[in-house]
Every structure is written in structure tokens, then in C-alpha cells.
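Chains as they are written, first to last, in my numbering: chain Y, 1030 to 1331; chain F, 1030 to 1331; chain G, 26 to 275; chain W, 26 to 275.
Where a beta carbon is used, it is the ideal one built from N, C-alpha and C, also for glycine.
Here's the structure we're looking at; comments come further down.
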Ligand SMILES: Cc1cc2nc3c(=O)[nH]c(=O)nc-3n(C[C@H](O)[C@H](O)[C@H](O)COP(=O)(O)OP(=O)(O)OC[C@H]3O[C@@H](n4cnc5c(N)ncnc54)[C@H](O)[C@@H]3O)c2cc1C
Ligand SMILES: Cc1cc2nc3c(=O)[nH]c(=O)nc-3n(C[C@H](O)[C@H](O)[C@H](O)COP(=O)(O)OP(=O)(O)OC[C@H]3O[C@@H](n4cnc5c(N)ncnc54)[C@H](O)[C@@H]3O)c2cc1C
Ligand SMILES: Cc1cc2nc3c(=O)[nH]c(=O)nc-3n(C[C@H](O)[C@H](O)[C@H](O)COP(=O)(O)O)c2cc1C
Ligand SMILES: Cc1cc2nc3c(=O)[nH]c(=O)nc-3n(C[C@H](O)[C@H](O)[C@H](O)COP(=O)(O)O)c2cc1C
Ligand code: FES
Ligand code: FES
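Following this line, the structure appears as C-alpha cells:
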């Protein structure tokens, strides 16, 4: 059974990736599962300088989902490279560094700094966090600006560049095209959907940031649709994500057009979710006599 | 306790509305609840001519939600006026006629025909159905076209004109402004979010239309956020909807900025959901010593 | 019963209308919002006249645990509460004295038609299943007075093969002595119905259709099927339809 | 027990590490995806050494049914399976022999600190509740050797009013004879902690914080609190913090 996939130059032994922000810096999960078993680990979003993130009131559970407004808290690229990467290098899995900046210059700075480090196999560019200010959000919602910031980062790295798209847009196809025009080797689809919850007793938003990002099974139908639409719009491979809990969910994304899948919120529900999703994929393939996972990609019959 | 609200000229005895497409033509629910108790009934979307809708494979349940691609099947405006409206007139509740057309001309035709009938108190203009073709979808996603089609319908009716917005947009605030600029007296926020599900055994989409609209509790955080953003962008009253199951959910929308709320998918789960939501609102007001529901509108403390 | 099917007894807390075989009820699996929608189920039997033990009668269901909702129903304990709406839809039409009724069930479809054997005592039942383990208590076939015919995919019970072959043979046998109207009331997978269409049986066939449902009362328009008379909703215009009226896709 | 609190016993199917009082476990209410996330709970007691009945020991929880997840836990039947992660976080620091420990609980906070009375036999417990009905079995207070002080909002048990007043009086009494270090280990609503800050108690106060959690292991960064040393995550840096380190908003 062939499970290996190629994501814009990044070869993975299997299509299971962990979603950024839901798997820490990876090493924290070593006690719950064998990290060597998963295709790639995407680490928490990194910025050139450490970021404190939003004040408390950062998560809230909603029907079959959760809102988060962590605000991209992270230890910064230098600390990641010095303190976390040496440990990560010990595992036989690919490391995808998710990154962001507050300006185009910072995106370039981040891409360059991460590319210089040893043991990072690909970059995932986050232009789609719903917890940032209106100006920033345009990176992920205005196609012209998307193309511009992606092109700038593209020049700063030779690593496979994956651009992570926001679902909070009218046309995911247009955004996908803009990212590819900017030079993306692959796309991650989708980041969280902007949502809000209010405590009716205190009348305050549940999140200090007022709005946050919705993730989990609740958003899966939206994510599958966007993967389908993005895959029809561009030729680069797609990492599909949004509410994947089981192998069957992963197959749904692959049939819709994803070449790999990322497990996100499910890691909180079960720290070993990623390997269980992989197991489920294998069982499905065995049951349906499928030799090569790549033969399923985009296989939905419409 | 004052529960009455005014939605752009439409006076309701209480803020409970039924969402279009989830309450049939209203009369079907008379055996499950006292229709006189609800503020308004919004009927299934009507078009100038009867419409057959999409082929079977029209609904599919998803985590805490459901996808539908009914495709706006309806008996047509004439049959509604002749066969359903006489029965509806017997009830002491307001009737909102939800309508759509395939072209601007048809929108105008529909608005005019419904305005001429006796017993319709307001029109809700649907420019936001996710099961229509790309061209049609622009009515609800391109602000310029939104303004244009709303302005055309505006001229065809003297009834309060409520415009129902699509959540499948980058900026709900821009869409809200466009609808108000076109002459909307009020807004309904939100229609369903476009989603997709695939049967991994047959590899076929669960819906014949491939994509459909996601509704139910899963989408509530997105709907609350959009009501909040729309309410900040425009001054007209908003009917909030999306996953309301309980009185508490309704209060969340009201605090976010809705002047009334619509109960949709919940009617399928419990045909008497609308009156139970009303009951829950009353209990909340009693417990919190609130005399006037209007004092809660937009009351979230940010 | 541990053959994949389980029995569920519901004691309504208000009086219910007497249901017709082929009608169904919507049941909510649990109080949670996931699964969100009620699920449609036919009844296998009911007690309608109030008695001391069941002041509002009793509804009996036979359910196959196939997914999320049915598995929750399976785990219900005595005393758990359920939301129930029904009886809904249109059941099997009445059979006249001069008509010959044959009942056909495929798999869990037995749940929808078993009641016919009680109403029409001694009627012939044709039952197709995958394997012996799946069969509910044969006690259930008592009203057929021994007049039942089983076929299983693996031959572990009854004849090996398709129950439709048994049916076809039975009909040609019957036709030797009987020229009146034969009615077939069937419930099974849609594939079985399509096979029946191809067989062009010398009988009037009524089948109970299964589609996903949301409202169960004809308002959501979600359970539509194509018929020669245009789109119909299974929950209200059906679930029982004349087989010849249905337009099958693919 | 029907006072809003219920007891839950969990028999792990693998050996667990010996937990420190103040640590917690994440429990998944049911197999469903709604509620989605595990819920954090301290333990009131545990058996760690394997015995015939409990080969992997036993965990005992005391839980208030306040919402969706806790109500599902309340309805669990013997034999139901649960996902459990733990012990997690940092518990209450060890108390030295020359220190005087006082334990304070508000409402269901008793669940997190009751274990201290077993570890530090005879320690003084201060317990504030709304009303008599809420109180768990007084049998639970046996390790205090009678040294417990109750206050209720409605005066239905113990003194009427705030348990913090009892505490304050007790401390000033104690100070007449004792000048060493007094440590207070507390668990209760955040309002109680803020009141303790205002009272400026002559003691080192450690409290267990409660926030919504997703991962419970420090990776989601969702359970952050502001401290004088910057943002900390409750699940890993806590849940026990020195009260003076916490920055309260509003
Ligand atoms: C009128 C009617 C009467 C029925 N009577 C019975 C009965 O007496 N006993 C019984 O066991 N079942 C009966 N069914 C089928 C039953 O409704 C489904 O098995 C049930 O809804 C599946 O729910 P689930 O949550 O377990 O499955 P899901 O997790 O929702 O899905 C599991 C599988 O079931 C299929 N499915 C989903 N909804 C339906 C549906 N409404 N009908 C058929 N398949 C569906 C899906 O395609 C999927 O493959 C009846 C259906 C109808 C329409
Ligand atoms: C370290 C720690 C230890 C705890 N130990 C215990 C214990 O031993 N016994 C016990 O009964 N409870 C304990 N709690 C609180 C318990 O986790 C919450 O009561 C529970 O998560 C609520 O879940 P729910 O689904 O019933 O409520 P929900 O339906 O999710 O919400 C109901 C209410 O509970 C509040 N809430 C939600 N999550 C939490 C949370 N994590 N902490 C506090 N309040 C919350 C919400 O604000 C809401 O008002 C502890 C919490 C923490 C963080
Ligand atoms: C708590 C949390 C933190 C996240 N942080 C990041 C992040 O730092 N960078 C990023 O690109 N995406 C981040 N995401 C988005 C996820 O990577 C993923 O795109 C999204 O959650 C959808 O997948 P899921 O439903 O499986 O969680 C975060 C999600 C969650 C729930
Ligand atoms: C089965 C179904 C049919 C619908 N039909 C219509 C329609 O005809 N016109 C319309 O404007 N909205 C229609 N809607 C959208 C609802 O009115 C509502 O905006 C949406 O479902 C969100 O609310 P809810 O989550 O409470 O259902 C339909 C929704 C469903 C589920
Ligand atoms: S289930 Fe709603 S119309 Fe049939
Ligand atoms: S709950 Fe995830 S960091 Fe604490």
C-alpha cells in the first residue's frame, strides 16, 4: 500500500499532518504517540519576535466545535530554532514551520530565518488568522495583497512554500489562484471561520478578542466544499483540514481534492488522534482494495 | 413585559419569526403549536413561477447541523396567494413572504405580485441561496449587484422590505451597507453557509447539487458574529438567525444586535421550537428583570 | 437480541392515533444536538387500546444499528425519554378480499412489513437476509402460520440466493390456480426494488421507500423522490408508493 | 447524593501515576462529538496501589452538574467507558512541618482540596456553601477530626455569611499563639479569590484556578491567565498558583 504523497516538493511518508496551533511544537505529544508515524508536524505559528497573544478568555466550546482567539502567541523564531528544533530533528517525520508577520517585511524576515535553520522541511504561510486586526486580515482576503505577500515570501525561501487560506472569503477559488500566482507550491485549506459567542449572563463576549476562529467537526462541510473548489481552481497540491476526527473524514477531504490532510482540534479531544486517523485511512484502503492513496485524490464523482 | 418589536415598519407582537424554508407555508404547523403565539411566519421562498427544485439527494446531516439543497422548490406566487394565504390570514400573526427571482425582472415581478395580495405584511428578499448557479449567487455576494437588485425590488413594493444576506462573503458589513443603500428596511442575517459532504463508499456527493447550505447549531457562532458585524455597520433592524435552538441562543443574537430572531432548523427537531424559544426568552427576561426586549438589542458589552 | 437488530419499546405519554402499517414515527436519539435530527422508523407492532400498564398504549420498533443515531437508540436504558412524532405518512393501502397479498422484506425492511402478517393473518412472507445471525426471533413469523420463505446470501438459513427468485417461483406457481389480482407489499433496500422493476412481476407492487429526512411532515422538502407524477415527498406522499410510479436514477 | 453534586468513580485500564492534590484529569463526557472537548476535574480521592478489585487503582471525582458535559457525566451508568488524561498540571506545594495549613473551599471547590485533609490529617477546613442541601456527606470531613468550619449563604448550616469571615477570625485567633508561617490552600470561585486579595490575609495563599480548557497539556494556549510573571497556562503552569502572582482583570 503506497501512502506517500508529495506536497509541492515536500515528500511525506503518509498524508497525515498535524494542524498548526493544535499540536504545540510537536515534542509535547511524544508521550502520547510515536511521532515517527506521522507524515509531518506543523508547529504553532511563529513570528520573527516572540508574541504574547491575546488576553485570557481565549477559547470557548460551541456545538461540535470550538472558538479560539489565542492571538498567535509564540516563542518567536529564534527560540523555536534553538530550543525546540533540536528535539524535533530526532524524529523521522517532516517539520513544517507555520509562520506569519505583521507586515510584508516581517513575512520575508520570518521566511528567511526559518529557511536558514536545519531541520525545517517546508514553510506554511499563515495569512488567515481571524484574530488579527482588519489591516492584517486583508493579506488573506484581498487577492491582490495575497499575491503580493506570497510573492515576497517566495523570494525569501527555497523550501516548499505552502500558503494557508482563510475560509472567510467570498471566493476560495480566487484566493487559491492568487496564492499560486504569488508562487505557492501548495495550499492549506482551511484556517478557522470567524465566529463569536456571548455569555448571556454577563453580556460579555466569551473571548477577550470579541471574535475568534471556529474549528472542529462543525466546520467540516464548509472545509470539504472549499477544498473541492480550490482543487478545481488550481493545480498545486492541497492539504485539507477542518474538523477531521476519523479516517473516514480524512478520505472525504482526499476525495474532494486534498493530497494530504491535517488533524487539528481532534488532537485536543484525543492526543493520539493523528495516528488513529492514519489507521482509519489504511483500513479504508484495505477494505476498498486501494493500493495508492494518490489514486483517491480528487476522486469524488460529480 | 414588552416583547413587541418593530422591524423596519413591520410591528411584531414578539421577536419570534420562523425562518423561510423551515416552516413550510406555516399552516402545516398549526397542529403542533398555536400560530397566534409567534411574531411572524416567514414562508418558503416563492418565485413568480412554480419551481421544481433540485433532484433528490437534497439533505444530509452533518455534525450539529444539516446540509440542504432543496433548490428553492415552491408552488409559485399565484398558488401561494390562492391556496395558502387565505388560511394564513386566519391567524393573528404577521406573514413575511420570502421571495426570489432568477433575474432582476423576476425579483421585481415577484415583489409586485406579493405586494398586491391581501395578508402579506412584509417581504423578505432572498439573494443568498447557496444552491443556485454562479451568476445568481452574485446577487448576494457582489455589493454593487446587491444594491442594484434591492433598489429594483424596492421600487416595486410599499411593504417593509427585508433583505436576507449570505454568509458566504468576505465582508458582511459591506453587504449590509449595500442592501441598505439599495433601500432595505431591515436585514435577515444569515442564510446558510455553503458546504459539501461526500459518501466515501460511493464517492458521490451526498447532495445531487454537489454543494448545499449548512444550517443548525454548528453555524451559530458564525451567525452571531455576522449579526454583530452587520449591526455595527448599518442602522436598520436585523432579524438574526442561524442555529437558534433555545431562548438563550436567541438572547445571544439579540445582544449581538438582532431586533428579532428566526427559528429555522430547530423546527425540524421540534415542531414547537419557536414557541419554546419564546418561552425561554420570557424566562430570561423575568430572571434578569428586563421589562422591554428592545433594551437588550445590541447590548453586548465589548 | 444480538444480531445487529434490536427492539425498542416506547410508551407514549399522550394518546396516539392508531397507525396504519407502513406509516412511521420520527424518534429523537437522545437529547443532544448531535445527532441533530429525528430519525424515521416504522413500527413492527403496537398496542393502542389503553390498559393499566400502558395508559397510552405501546409502540414497538425493530431497528438496525447502522450509524450514529441508531447506535444511541440501541444504548437507551429503560426509563430514558425520547421525542416522538407520529404516526406519519401514508401506509400500505388496504387489501381487498379478492386480492392475494404477498409480503416481501429485505434485511431490516422486515420492520416495516412484519405488521402486515398480523393484520392479514396467514399471508405469505418472503424474507431475504445476508446470513442466519441477522434473523430476528422466528417467533415473529407466527402470524404467517408457517407460510414464510427465507433466502440468505450465504445459504445459512433457507435457500441460498435472492428472495426475489423465491417470490418469482411462488408467483408462477400461484398463477396456475389463481388469475385474480396479486399485490406485493415490500420493504427493503432500493436495489431490491430496482430488481423487482426489472423482473416485471405479474403483480401490483407497493414499496416503502427510505430516504434521509429532516422534518418528517412534508415541510422541508428534503426527502423528495422522482415519480411519474413529478417530485413527491417520501414522508407525506409516501413512504409507500406504487413501484411503477417511481423513477429510479442510474 | 442529590444535592447538585455527584460522585464519579473511574477505574483506569492502565496504571496511572500517583497524583498530587491539586492536579487534575481531563474526562471526556461520552463518545459523542458534542460536547467535543474533555472537561477538567480534580479528584477527591484515589486508590493507587493495585488490588484485586482495582488492578489499576481507582479515581474518585466529585462533580457539580453545571452544564452539558457534567450532566452527561452525571447520567453515566456503571460500565460506561470514558476517555481520561492525567494526572495533569501542578498541584499544591508540600507543606513543611513548621507551617500551619488552612484549607478553604467554596462550593464545588471542595472537590479539589478535600484530599488535603487526608494528606494533612487534622488540618482545619473552611467551607462556604449556598445552602445545606448542597453539602456532600459530612462523613467526607472525617480527616479534619472535627476541625471544620462551615458557613452558608442562607444560614441553613454553620454560620450565616461568608466563610472568609470565619477564616479571618480563625487566623487572628491563631496569631495570638502562633507567629510562624500560615499557608492557605483554597479552591472556589474567582470572586472568592478576589475577596481574599482584598482581605490581605496574613498568610501565603495558594489557589486552584478554573478556566475553560481544550488540550489540558499546555499546547493549545487556551487556558492562559495573567500573572506578574507574564501569561501562564492554567493546565500546565497551574492550576495551583500563588494568589499574589495572579493579575485579576476588572
Ligand atoms: C419511512 C422510514 C421507515 C424506516 N423504518 C425503519 C425501521 O423500522 N427500522 C430500521 O432499522 N430502520 C428504518 N429506517 C431507516 C432508518 O431511518 C435509518 O437507518 C436511520 O435513520 C439511520 O440513522 P443513523 O443515525 O443510525 O445513521 P447515520 O449515521 O445518519 O447514517 C448511517 C447510514 O444510514 C443511511 N441513512 C441515513 N438516514 C437514513 C434514512 N432516513 N433512511 C435510510 N437510510 C438512512 C445513511 O446513508 C448512512 O449510510 C426507516 C427509514 C424510513 C425513511
Ligand atoms: C483544574 C480544574 C479542576 C476542576 N475540578 C472540578 C471538580 O473537581 N469538580 C467539578 O465539579 N468541577 C471542576 N472543575 C470545573 C469543571 O471543569 C467545569 O464545571 C466543567 O468543565 C463544566 O462543563 P460543562 O460541560 O458541564 O459546562 P458547560 O456547558 O461547558 O458550561 C457551563 C458553565 O460552566 C462554565 N465552565 C465551562 N468550562 C469550565 C471550566 N473548565 N472551569 C470552570 N468553569 C467552566 C461555563 O462558563 C459555563 O457557565 C474544574 C476545573 C478546572 C479547570
Ligand atoms: C487553538 C488553535 C490554535 C490555532 N493556531 C493556529 C496557528 O497558529 N496558525 C495557523 O495557521 N492555524 C492555527 N489554527 C488553525 C488550525 O491549524 C486549523 O486550520 C483549523 O483549526 C481547522 O482544523 P480543525 O477543525 O481540524 O481544528 C489554530 C486552531 C486552533 C483550534
Ligand atoms: C431545508 C431548508 C430550506 C430553506 N429554504 C430557504 C428558502 O427557501 N429561502 C430562504 O431565504 N432561506 C431558506 N433557508 C435558510 C433558513 O431560512 C435560515 O436562514 C438558515 O437555515 C439558518 O437558520 P437555522 O440554522 O436556524 O436553520 C432554508 C433552510 C433549510 C434548512
Ligand atoms: S422529511 Fe421534510 S419533507 Fe419529508
Ligand atoms: S488547556 Fe490547552 S494550554 Fe491549557
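Residues of the region 51 to 67 of chain G that bring their beta carbon within less than 8 angstroms of a beta carbon in chain W comprise 57, 58, 59, in sequence order.
Per DSSP, the unbroken alpha helix (DSSP H) holding residue 1309(F) starts and ends at 1302 to 1316. In this structure, ligand 3 has a non-hydrogen atom nearer than 7 angstroms to the beta-carbon of residue 1095(Y).
For residue 257(W), the CB stays at least 7 angstroms from every heavy atom of ligand 6. Residue 119(G) is outside the set of residues whose beta carbon lies under 8 angstroms from a beta carbon in chain F.
Taking residue 1238(Y) as the centre and dropping the five residues before and after it, the same chain places the C-beta of 1083, 1098, 1100, 1160 closer than 7 angstroms to its C-beta, in chain order. Within the chosen limit of 7 angstroms, ligand 4 reaches the beta carbon of residue 1294(F) through at least one heavy atom.
For residue 1085(F), the closest Cβ of chain G is nearer than 8 angstroms. A buried status is given to residue 1296(Y), since no fewer than 16 other beta-carbon atoms sit within 10 Å of its beta-carbon. Between ligand 1 and residue 88(G), a heavy atom-to-CB distance of less than 7 angstroms is present.
Per DSSP, residue 56(G) lies in no alpha helix (DSSP H) segment and is marked neither H nor E. Contacts with chain F at 8 angstroms (Cβ-Cβ) include residue 1225(Y). For residue 106(G), the closest of 57(G), 69(G), 134(G), 49(G) by C-alpha to C-alpha distance is 57(G). The DSSP-derived three-state label of residue 189(G) is helix. In the structure shown, residue 231(G) adopts extended strand secondary structure according to DSSP, grouped into three states. For the 8 angstroms CB-CB criterion, residue 1222(F) and residue 1248(F) form a contact. DSSP places residue 245(G) outside both helix and strand once states are collapsed to three, so it counts as coil.
A Cβ-Cβ contact shorter than 8 angstroms links residue 1218(Y) with residue 1194(Y).
Rounded to the nearest angstrom, the gap between the Cα atoms of residue 168(G) and residue 188(G) is 20 angstroms. Exposed is the label assigned to residue 273(G), since fewer than 16 other Cβ atoms lie within 10 Å of its Cβ. Judged by the Cβ position, residue 244(W) qualifies as a neighbour of ligand 6 at the 7 angstroms threshold, a heavy atom of the ligand being closer than this.
Residues of chain Y with a Cβ closer than 8 angstroms to the Cβ of residue 250(W) are, in chain order, 1085. At a cut-off of 8 angstroms between C-beta atoms, residue 1095(Y) counts as an interface residue with respect to chain W. Separation of the CB atoms of residue 1127(F) and residue 1074(F) is rounded to 5 angstroms, and the pair is thereby assigned contact status at 8 angstroms. Looking at the DSSP output, residue 109(G) bridges to 52(G).
Boundaries of the beta strand (DSSP E) harbouring residue 1270(F): 1267 to 1270, taken from the DSSP string. The beta-carbon of residue 102(W) is placed less than 8 angstroms from the nearest beta-carbon of chain G. Taking the CA atoms as reference points, residue 79(W) sits about 10 angstroms from residue 40(W).
When distances are taken from the beta-carbon of residue 239(G) to the heavy atoms of ligand 5, the shortest one is below 7 angstroms.
Taking 8 angstroms as the CB threshold, residue 1241(F) stays off the interface with chain G. Relative to ligand 2, even the nearest heavy atom lies 7 angstroms or more away from the CB of residue 57(W). Counted as a single uninterrupted DSSP element, the stretch harbouring residue 213(G) is not any beta strand (DSSP E), since DSSP gives it neither H nor E. When the beta-carbon positions are compared, residue 1068(F) and residue 1214(F) stay at least 8 angstroms from each other.
Here the region 147 to 156 of chain G does not lie against the region 223 to 237 of chain G, with fewer than 3 beta-carbon pairs under 8 angstroms apart.
Counting only the Cα atoms, residue 1139(Y) lies some 7 angstroms from residue 1129(Y). In the three-state reduction of the DSSP assignment, residue 85(G) falls in the strand class, which pools E and B.
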